[in-house]
Amino acid sequence: MTDQERLTALAQILRDLLGDESIELTMNTVREDVAGWDSFAYINFIVAIEAEFRIKFRIAEVESFPDVGSIVRAIAARAG
Amino acid sequence: MLFNSYTFLFGFLPIVLAGFYVLGARRREWALLWLTAVSLLFYAWWRPINVLLIAPSILINYGLARCLERTGEARPAMARAILVAGIVFNLSFLGYFKYLNFVEGALNDAFGVGFTLTQLILPLGISFITFQKIAFLVDVHGGRVSRYSLADYGLFVLFFPQLIAGPIVHYREMMPQFRAAPCRFDAENVAVGVSLFFFGLAKKLVLADPLSHLVAPIYGQAAAGVPQSITEAWIAALGFTLQIYFDFSGYSDMALGLARFFGIKLPVNFNSPLKATSIIDFWLRWHVSLTRFLTAYIYNPLTLSLTRKRMAQGKPIFGGRNTNFPAFINLLAMPTMLTMLISGIWHGAGYTYILWGSLHGVLLCINHAWRSVRSRIWSNTKQYNRRVAPIGFVLTFVSVVGAMVLFRAPSFSAALMLWKGMIGVYGATLPQAVFSRLGSIAAWLTAIGVRPAWTSGSLLMAATIRIGLLLGIALLMPNTLQMLAAFEPALGVKPAKAPSRLERALTWAPSGTWAVGLACVALAGILSLGELSEFLYWQF
Chain Y
3 MTDQERLTAL
13 AQILRDLLGD
23 ESIELTMNTV
33 REDVAGWDSF
43 AYINFIVAIE
53 AEFRIKFRIA
63 EVESFPDVGS
73 IVRAIAARAG
Chain Z
402 MLFNSYTFLF
412 GFLPIVLAGF
422 YVLGARRREW
432 ALLWLTAVSL
442 LFYAWWRPIN
452 VLLIAPSILI
462 NYGLARCLER
472 TGEARPAMAR
482 AILVAGIVFN
492 LSFLGYFKYL
502 NFVEGALNDA
512 FGVGFTLTQL
522 ILPLGISFIT
532 FQKIAFLVDV
542 HGGRVSRYSL
552 ADYGLFVLFF
562 PQLIAGPIVH
572 YREMMPQFRA
582 APCRFDAENV
592 AVGVSLFFFG
602 LAKKLVLADP
612 LSHLVAPIYG
622 QAAAGVPQSI
632 TEAWIAALGF
642 TLQIYFDFSG
652 YSDMALGLAR
662 FFGIKLPVNF
672 NSPLKATSII
682 DFWLRWHVSL
692 TRFLTAYIYN
702 PLTLSLTRKR
712 MAQGKPIFGG
722 RNTNFPAFIN
732 LLAMPTMLTM
742 LISGIWHGAG
752 YTYILWGSLH
762 GVLLCINHAW
772 RSVRSRIWSN
782 TKQYNRRVAP
792 IGFVLTFVSV
802 VGAMVLFRAP
812 SFSAALMLWK
822 GMIGVYGATL
832 PQAVFSRLGS
842 IAAWLTAIGV
852 RPAWTSGSLL
862 MAATIRIGLL
872 LGIALLMPNT
882 LQMLAAFEPA
892 LGVKPAKAPS
902 RLERALTWAP
912 SGTWAVGLAC
922 VALAGILSLG
932 ELSEFLYWQF
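Protein sequence lines correspond, in order, to chains Y and Z.
Residue numbers for the first sequence, in the numbering used here: 3 to 82.
Residue numbers for the second sequence, in the numbering used here: 402 to 941.
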């Protein structure tokens with residue numbers, strides 16, 4: 003799986019969560035860029051990713067992802 | 402000493418700055434030690450004995466952090482035990498000083514037992530300091546903080562601009578700044594700092610404080626059981642909302658400005674919360690650093706583990722298309738209510754604060770439930786936001802103002818009486834002077850429940866104008882973060898991509914016009930210095 007494919011999967015998860023089909027993600031996207039992506043929605047996003055990719059993040063990691071790219075890289079590091 | 406005192410402004414601050422810049426020109430380390438020492442002095446000023454409480458607490462926390470670091474990932478169970486011990490220590494410390502009297506009172510209420518303990522005096526800023534220390538331990542445990550010395554840690558905890566009432570800062574956002582700070586006089590930092598400080602001072606002294614004269618008598622009457630008409634009730638609710646708004650906004654600006662004198666940028670704490678178009682939005686703008694703390698250290702870990710558990714059981718999670726009502730209750734409503742309950746208790750040891758937190762919890766749950774349902778019945782988010790934003794704003798505004806009554810009212814019965822007043826249960830009133838000039842209309846007004854009150858018409862007029870003006874500032878004007886955006890007044894603040902015309906007109910610049918404007922603002926603040934008043938948030 004490439005980073006681009008992971009990014010596409012993440013975007014779909016977020017669209018489903020926020021019910022907004024217009025959401026597009028890039029590696030540099032931060033939470034503030036996406037309307038409605040507050041801290042509450044973020045945790046659902048993380049758990050949805052964990053389920054989708056069958057991985058588990060540490061809480062310290064979850065708190066410190068600065069952008070979407072860092073999540074993609076963390077998935078890549080785990081899922082190989 | 403208060404930020405808004407002569408001692409601070411004309412004694413402490415100039416000496417501290419002079420010392421800092423002079424020492425910084427020789428050796429940075431000396432300047433930072435000086436900053437730590439004067440911060441301790443600042444803390445000791447109120448009650449020197451406080452130092453005997455905070456100093457051991459700093460040493461113990463530092464020791465625990467060192468133990469945590471040594472234990473590291475090699476012995477996770479041991480590290481966890483140390484972390485739990487640290488959190489329990491800090492919470493007991495807070496609990497003893499802040500809640501013992503309340504628990505004792507509650508026990509007396511419930512069982513009629515006559516417990517009596519000596520009234521404890523709350524060490525200043527203990528609620529803020531405690532949260533910050535807990536966050537530090539969690540960060541060390543999570544491997545997010547690496548190198549630190551006792552001097553670093555002491556400065557992090559004691560840094561006086563944010564010592565007493567926040568923002569609640571993280572070690573990882575402060576220490577890199579202290580390490581990189583040149584500790585020398587820098588014209589830009591001082592100009593930005595002075596501007597923020599005096600904007601804050603004026604907000605606090607000129608805008609917030611006079612409101613207490615307006616609202617205090619009404620809350621006092623409600624507490625004494627005197628029903629308040631719709632007129633007084635709304636003046637009380639709006640007046641206090643604006644008082645705490647400008648008090649906290651002013652304090653936050655002053656904290657940002659003071660830190661900037663030392664080349665340090667604090668995180669955003671207050672960002673025009675009354676402009677919020679939803680309760681979720683409100684909490685992302687009001688006391689931002691507290692929301693951030695509660696989210697990161699209570700809500701997120703709780704939801705994360707609950708959501709994983711549910712998912713492992715094959716049950717639907719909250720959010721997305723397959724969500725259901727039990728998922729909402731378990732994964733959103735429960736953690737939200739718990740978090741907001743803790744927020745309420747943190748704000749004050751009293752039933753009204755607990756109720757205030759719970760009320761906001763309920764509002765947040767409704768907001769989230771609606772958001773979840775809304776996306777299914779109205780999928781065009783942009784169109785939805787455009788059309789519903791005004792309704793959202795009104796609902797949020799009324800909810801926030803209504804809930805603030807709990808924050809100020811001395812008892813729940815007083816709050817209830819004011820709420821009843823706000824919805825018109827006790828009728829409406831008009832000044833006697835107006836009434837007597839209305840002739841036959843007066844009789845008709847009386848028939849629908851309007852009665853004469855408010856001895857003078859000019860008093861009502863003055864109250865209305867004052868509240869109207871302040872609402873105008875809070876709702877229509879760009880805030881200080883926006884005005885100074887080009888100079889990053891708080892961590893991470895950037896200029897808007899498409900500023901409005903008013904924002905462009907009020908963009909801060911180191912120019913002659915702004916110098917004159919700010920001199921007027923500073924003068925207005927300094928001339929109001931006489932009436933010493935504490936910050937509302939300092940009692941927490």
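Note that the Cβ used here is the ideal one computed from N, Cα and C, for glycine as well.
A quick note: this is a predicted structure, and the numbers were derived from the prediction, not measured.
*Flag A790 of chain Z as yes if its beta-carbon sits less than 7 Å from any beta-carbon of chain Y, otherwise no.*
With 7 Å as the cut-off, A790 of chain Z does not count as an interface residue toward chain Y.
*asked:* Give me the DSSP bridge partner(s) of V851 of chain Z.
replied: V851 of chain Z is bridged to Z:A829.
*Applying a beta-carbon distance threshold of less than 7 Å, which residues of chain Z neighbour V64 of chain Y?*
N701, L705
_Exposure label - Y572 of chain Z; buried when at least 16 CB within 10 Å_ = Within 10 angstroms of the beta-carbon of Y572 of chain Z lie 16 or more other beta-carbons, which makes it buried.
_Spatial distance of L930 of chain Z from Q578 of chain Z (CA atoms)_ = 32 Å
*Tell me, please, whether the CB atom of G567 of chain Z is closer than 7 Å to any CB atom in chain Y?*
Not one chain Y Cβ lies under 7 Å of G567 of chain Z.
*Should A76 of chain Y be flagged as near chain Z, meaning a C-beta pair shorter than 7 Å?*
no
*Could you run through the region 38-58 of chain Y and flag, in chain order, every residue whose CB is less than 9 Å away from some CB of chain Z?*
Here the close residues are G38, D40, S41, F42, A43, Y44, I45, N46, F47, I48, V49, A50, E52, A53, K58.
*R777 of chain Z versus chain Y: which residues are under 9 Å apart at the beta carbon?*
Against chain Y, the beta carbon of R777 of chain Z has neighbours under 9 Å at G21, listed in chain order.
*Buried or exposed: where does D610 of chain Z fall if 16 or more other Cβ atoms within 10 Å of its Cβ makes it buried?*
buried
*Alpha-carbon spacing of A566 of chain Z relative to L612 of chain Z, whole angstroms*: Rounded to the nearest angstrom, the two C-alpha atoms are 21 Å apart.
*Which of helix, strand or coil does DSSP assign to M3 of chain Y?*
coil
*asked:* One question on the structure: do G21 of chain Y and S776 of chain Z come within less than 7 Å of each other, judged by their Cβ atoms?
replied: yes
*Three-state secondary structure (DSSP) at D69 of chain Y?*
coil
*How would you list, in chain order, the residues of chain Y whose beta-carbon sits under 9 Å from the beta-carbon of N786 of chain Z?*
A37, G38
*What residue range is occupied by the uninterrupted alpha helix (DSSP H) comprising Q644 of chain Z?*
631-662
*Near V802 of chain Z, which residues of its chain fall below 8 Å by C-beta distance, leaving aside the five closest residues on each side in sequence?*
A638, L639, T642
*asked:* Looking at chain Z, is there any beta carbon in it that lies within less than 7 Å of the beta carbon of I73 of chain Y?
replied: no
*Quick one: give me the first and last residue of the alpha helix (DSSP H) that A804 of chain Z is part of.*
782-809
*Determine the chain Y residues that contact F719 of chain Z at a beta-carbon separation under 8 Å, and present them in chain order.*
Neighbours of F719 of chain Z on chain Y, chain order: N46.
*Between D682 of chain Z and A834 of chain Z, what straight-line distance do the alpha-carbon atoms span, to the nearest angstrom?*
About 43 Å.
*Using a Cβ-Cβ cut-off of 8 Å (strictly less than) and excluding sequence neighbours within five positions of F599 of chain Z, which residues of its own chain qualify?*
G658, L919, V922, A923, G926
_Could you give the first and the last residue of the continuous alpha helix (DSSP H) run that contains Y422 of chain Z?_
414-427
*asked:* Quick check on the burial criterion: 16 or more other C-beta atoms within 10 angstroms. Buried or exposed for T5 of chain Y?
replied: What sits at residue 5 of chain Y in the sequence shown is Asp, not Thr. Classification of D5 of chain Y: exposed, given that the 10 Å Cβ count is below 16.
*List, in order along the chain, the chain Y residues whose C-beta lies closer than 9 Å to that of S690 of chain Z?*
The premise fails here: S690 of chain Z is roughly 13 Å from chain Y at the closest Cβ pair, so nothing lies under 9 Å.
*Which residues mark the beginning and the end of the alpha helix (DSSP H) in which R902 of chain Z is found?*
902-906
*Rounded C-beta distance between I45 of chain Y and T708 of chain Z? I'm assuming under 8 Å.*
7 Å
*Output, in chain order, the set of chain Y residues within a Cβ distance shorter than 7 Å of S673 of chain Z.*
Those do not exist, as S673 of chain Z stays about 16 Å from chain Y at its closest Cβ, beyond 7 Å.
*Interface residues of chain Y around A697 of chain Z at Cβ under 7 Å?*
Per Cβ cutoff of 7 Å: E65.
*Any chance the region 406-423 of chain Z sits against the region 480-494 of chain Z, with 3 or more Cβ pairs inside 8 Å?*
no
*Determine, using beta carbons only, whether G543 of chain Z comes closer than 7 Å to chain Y.*
Interface with chain Y (7 Å Cβ-Cβ cutoff): G543 of chain Z is included.
*For T696 of chain Z, does the count of other Cβ atoms within 10 angstroms reach 16, so buried, or fall short, so exposed?*
buried
*With distances taken from CA atoms, which of Z:V689, Z:S759, Z:H769 is nearest A728 of chain Z?*
Comparing Cα positions, the closest option is Z:H769.
*Output, in chain order, the set of chain Y residues within a Cβ distance shorter than 7 Å of L685 of chain Z.*
Result: D40.
*Do the region 535-544 of chain Z and the region 643-658 of chain Z touch if we need at least three Cβ pairs shorter than 8 Å?*
no
_Using only the alpha-carbon positions, how far apart do W747 of chain Z and R427 of chain Z sit?_
43 Å
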